[in-house]
Structure formats: C-alpha cells, structure tokens
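Those letters in the sequence shown? Residues 12 to 113, per the numbering used here, in order.
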Amino acid sequence: MKRKSISQYIPQRTCVACHQVRPKRELIRLVRINNGGIEVDTSGKQLGRGAYLCKNPECWEAGLRGNRLDYTLRTNITKENRERLVRYGKELLGESNDGKNK
Ligand SMILES: [Zn+2]
C-alpha cells in the first residue's frame, strides 16, 4: 500500500445535467458499455466513456431526459436502458441511506 503525497488533490467532475463541478465522489458515474448501453458504475473504475450526475433526483431526471447522455457518451440509449437507469436513480436517491451496510 503506497501513500501518495497528493492528498490535496481532489478529482472534480462536471454533472451533465446542471454543469456544476463537484468532487468526483459526490457524483454518480455512468459508463458506456461495449454494446452501447449505459450502466451505473458503482465502483467508479469501470473502463469506458463516462458521464457524471449529481446525487440529486432533479439532475438524474434532467440528465436522463432528452439525449444529453446519448450525446455525451456518443451512443443511443434504448428505451429499456433509460427506464432502467431512471429506476435505478429513484431507488438510489429515494432513500437517503448513504451507507453500504448489507
Ligand atoms: Zn447536477
């Protein structure tokens, strides 16, 4: 385990919905997978073109509505895929439980 001396450095990303720049860990990463679909990257480390959304129902909705994500990730999201993401967002953001205690 190496400790790097860049503790001051916090990766920042832009939300595709509201265009606010936030620390990466406060955002949810969506990643384009091989078949052109989009998945939520819970690990934040999945390879592929990614886009970020705030952990905010409004951003989630705005980001998935229209073709913002399609545009950002250069793909065409299927209706099913989009609905799945919307549902995921609702489940994820509906409960304010931030812990990972399962
Ligand atoms: Zn946002």
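Where a beta carbon is used, it is the ideal one built from N, C-alpha and C, also for glycine. Since the structure is predicted, the reported quantities are computational estimates derived from the model, not experimental observations.
Inset, instruction - Per DSSP, which residues does glycine 55 bridge with? Please list them. - result: Answer is none; glycine 55 lacks a bridge partner.
Inset, instruction - Evaluate asparagine 87 with the Cβ neighbour count: other Cβ atoms within 10 Å of its Cβ, from every protein chain shown; 16 or more gives buried, anything less gives exposed. - result: Exposed, since its Cβ has fewer than 16 Cβ neighbours within 10 Å.
Legend entry - Touching by the beta-carbon criterion (3+ pairs, under 8 Å), the region 37 to 44 and the region 59 to 78: Touching, per the Cβ criterion.
Inset, instruction - Within its chain, find whatever has a CB closer than 6 Å to the CB of valine 97; leave out the 5 residues flanking it on each side and keep chain order. - result: Taking valine 97 as the centre and dropping the five residues before and after it, the same chain places the C-beta of Leu75 closer than 6 Å to its C-beta, in chain order.
Inset, instruction - Would you kindly check if the distance between the Cβ of arginine 43 and the Cβ of glycine 59 is under 7 Å? - result: A contact, by the Cβ cut-off of 7 Å.
Inset, instruction - With hydrogens ignored, establish whether the beta-carbon of alanine 28 is closer than 6 Å to any heavy atom of ligand 1. - result: Yes, ligand 1 has a heavy atom inside 6 Å of this Cβ.
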